[in-house]
Amino acid sequence: MTSSWFERQRGFLDYSLSCLWRRKGRNLSLIAVYSFVVFLISSVIFFTDALRREMENILEEAPEMIVQRTVGGRHSLIPVDYAEKMDAIRGVRSAEPRLWGYYFHQAASSNYTLMAPADFALPADRVKVGTGVLRTWGTIEEGRLYFRSRTGEPLILSIGEAFDGATELMTADLILMAEGPFRRIAGIPEGFATDIALRIRNPRECQVIAEKISYDFPDTRPILKEEIQRTYTSLFGWRSGYVVVLLAGALAAFLIFTWDKATGLSAEERAEIGILKGVGWDTSDILLMKFWEGAAISLTAFVLGVLAAYVHVFLASATLFEHALKGWAVLYPSFELRPTVDGFRLAVLLFLSVIPYTLVTIVPVWRTAITDPDTVMRQG
Amino acid sequence: MIKPLRKSAVFAAFFSAAAAALAGLLLVHPIYVRSAFEERLEKHRSVTRTLGLTDPCLFTEARYTRHLSQADLHSAFQDHPLAMEHFPSGSMVLPPEHLVRPKPSGPKVKPR
């Protein structure tokens, strides 16, 4: 019983594949475009999911709270003595002023992030740089970087160390230096810092401490680690501009396919159905044959599209998205994303891409198959 | 005489090969590269912890795109009033949560 059912289905599949092969030019191009649509959607899903997971894991180590001072609604320099007062708040493990800022390098037309950590281990004339800096700075001579200080004087610092290339996602544009040269370049006066990083013993107390800081220091704005993480977990939501454009394009292409299928059959296809009915095929047989035709196309396109998306995102560093992420920036980190695929999302994608197409191919066939074969053949 | 292969057999072989390659990539590849990525993640976490970093180096176009979590709430328009967004990465980023959340419908006030 089972084997006869299987053989019957196999017979239908054989026939469907023969029909598809007869119009191979049309059907192969259909599979190519369909696969491309699946590839685009899967690439976006894989890329955004992987980046979100990576950010969640990395930013676990970010400070529990950053306190910025605001003047006129804008971020402003914060007095270092605020850190001493914040350190005294119960529950705060440490409050460290952070010295960091941006440096626009004319020769490279690129923005870099300068930072002066409190425990910078190299001498004052040395810097530690990210690999992105080495790649883009442009005017490195004998391992020296030329800076223009706040007063317009040149300042030459030698590259003492470089960050591990594996950390490029976080350090590509970083230039670490001692406090002295940093203040000369950035123009931050003594007694002031960019912001204050707070480490808190019990993360559940963060909200209470943030409220206390807002009350005691009304000119400041606390940013919780939770908010930082949330920024990155919701960074590439489906409603963000580029993703919407990409998904809308893919969806439109998919609708065109299905519309083309649903609105009718070619004269040749109609005549074929008429002949099949004439030689004794049942309506259900014809529907089954067309079901296999739709399933063969959509399943092939799905597997090829997802396969290509996986290779693109996890083996080729999502090169197609690089230009979009890079925007006008000169410096873009080279990073590989950890391969993780959410089974649920894949199942949703399978359901949305394979099932509608397969079902839609059956509708016009059913309309033709229930008509008198003689009429169909005459019309065809 | 060799019997020609049925079309369903050829299709099944092709589809099985593609599906097996996909399953291999989805299930085996992540395990194969796990230790390398664990090591890389630990390096990222270590540098984030030591330097107290808050943002990845994804968009270096402008200060408010480099440190998205540290930017002002209306940072895209901060250069001058009514300034349009300058940088392409602005189109990549989701608007702040409070802007995309649907507003609660309050009582409507009729104009006098």
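If you read the sequences in order, they're chains A and B. For the first sequence, our numbering assigns the number 11 to the initial residue and increments by one for each residue that follows. For the second sequence, our numbering assigns the number 4 to the initial residue and increments by one for each residue that follows. Even glycine gets a Cβ: it sits at the ideal position worked out from N, Cα and C. As the structure is a prediction and not an experimental result, all values here were calculated from the model.
Return the residues of the region 39-51 of chain B that lie within a Cβ-Cβ distance of less than 7 Å from chain A, sorted by chain order. Phe40, Arg43, Leu44, Lys46, His47, Arg48, Val50, Thr51
What number of angstroms, rounded off, separates the C-alpha of Lys95 of chain A from the C-alpha of Val36 of chain B? 47 Å
Using a Cβ-Cβ cutoff of 9 Å, what residues of the region 70-92 of chain A are near chain B? List them in chain order. Glu70, Glu71, Ala72, Pro73, Ile76, Gln78, Thr80, Gly83, Arg84, His85
Quick one: is Pro59 of chain B near chain A, going by C-beta distance under 7 Å? yes
Taking a Cβ distance cut-off of 7 Å, strictly less, list which residues of the region 328-348 of chain A are near chain B, in chain order. Ala334, Leu335, Gly337, Trp338, Ala339, Leu341, Pro343, Arg348
When A:Ser276, A:Arg194, A:Asp292, A:Pro383 are compared against Ala126 of chain A, the one with the closest alpha-carbon: A:Arg194
Residues of the region 7-28 of chain B with a CB closer than 7 Å to any CB of chain A: list them in chain order, please. Arg9, Lys10, Ser11, Phe14, Phe18, Ala21, Ala22, Ala24, Leu25, Leu28
Could you pull out every residue in the same chain whose Cβ sits closer than 7 Å to the Cβ of Met299 of chain A, ignoring the five residues on either side in sequence? Phe22, Tyr25, Ser26
Compare the C-beta of Thr371 of chain A with all C-beta atoms of chain B and state if any pair is closer than 7 Å. no
Contact test: Pro164 of chain A Cβ vs the ligand ADP heavy atom, cutoff 6 Å: As far as ligands go, the structure on display features none, and thus does not contain the ligand ADP.
Pick out whichever of A:Val358, A:Arg160, A:Thr149, A:Leu179 has its Cα sitting closest to the Cα of Ser168 of chain A. A:Thr149
For Leu144 of chain A, which three-state DSSP category applies? helix
So which of A:Ala379, A:Thr177, A:Thr243, A:Asn121 has the shortest CA-CA distance to Ala60 of chain A? A:Thr243
Let's test the definition: count the other Cβ atoms within 10 Å of the Cβ of Pro164 of chain A and tell me whether it reaches 16, buried, or not, exposed. exposed
Give the straight-line distance between the Cα atoms of Gly201 of chain A and Leu124 of chain A, rounded to the nearest whole angstrom. 18 Å
Could you give the first and the last residue of the continuous beta strand (DSSP E) run that contains Tyr112 of chain A? 110-115
Rounded to a whole number of angstroms, what is the C-alpha to C-alpha distance between Glu64 of chain B and Ala118 of chain A? 13 Å
Between the Cα of Ile210 of chain A and those of A:Leu257, A:Ser104, A:Lys222, A:Phe301, spot the shortest distance and give me the residue it belongs to. A:Ser104
Spatial neighbours of Asp135 of chain A within its chain, please: CB distance less than 7 Å, with the 5 preceding and 5 following residues excluded, ordered by chain position. Leu167, Ser168
Using only the alpha-carbon positions, how far apart do Arg43 of chain B and Glu66 of chain A sit? 14 Å
Determine the extent of the beta strand (DSSP E) in which Lys138 of chain A is found, giving its start and end residues. 136-139
Identify, in the order they occur along the chain, each residue of the same chain with its Cβ nearer than 7 Å to the Cβ of His115 of chain A, setting aside the five sequence neighbours on each side. Tyr122, Trp147
What are the residues that DSSP puts in a beta bridge with Arg154 of chain A? A:Glu151, A:Ser168
How many Å lie between Arg355 of chain A and Ile55 of chain A at the Cα? 8 Å
Beta-carbon separation of Arg5 of chain A and Ser19 of chain B under 7 Å? What the structure shows of chain A is the stretch from 11 to 390, and residue 5 of chain A is not part of that stretch, so it cannot be assessed.
Measure the beta-carbon distance from Phe57 of chain A to Gly315 of chain A and round it to whole angstroms, keeping in mind my assumption that it falls under 8 Å. So it is not a contact: roughly 14 Å between Cβ atoms.
The beta strand (DSSP E) with Ala131 of chain A in it runs from where to where? From DSSP, Ala131 of chain A is part of no beta strand (DSSP E); its letter is neither H nor E.
Contact criterion: CB-CB distance below 7 Å. Does Tyr156 of chain A meet it with respect to chain B? no
Per-residue contacts from Pro299 of chain A into chain B (C-beta, under 7 Å): Before going on, a small fix: residue 299 of chain A reads as Met here, not Pro. Chain B residues near Met299 of chain A: none, gap ~12 Å exceeds 7 Å.
With DSSP as the reference, label Asp205 of chain A as helix, strand or coil. strand
The beta strand (DSSP E) spanning Val453 of chain A covers which residue range? There is simply no residue 453 of chain A to check, as chain A begins at 11 and stops at 390 in what is shown.
In the DSSP assignment, find the unbroken alpha helix (DSSP H) run with Arg48 of chain B in it and report its ends. 37-54
Apply the 10 Å Cβ neighbour rule to Ile372 of chain A and answer buried if 16 or more other Cβ atoms are within range, or exposed otherwise. buried
Name, in chain order, the residues that DSSP records as bridge partners for Tyr122 of chain A. A:Tyr113
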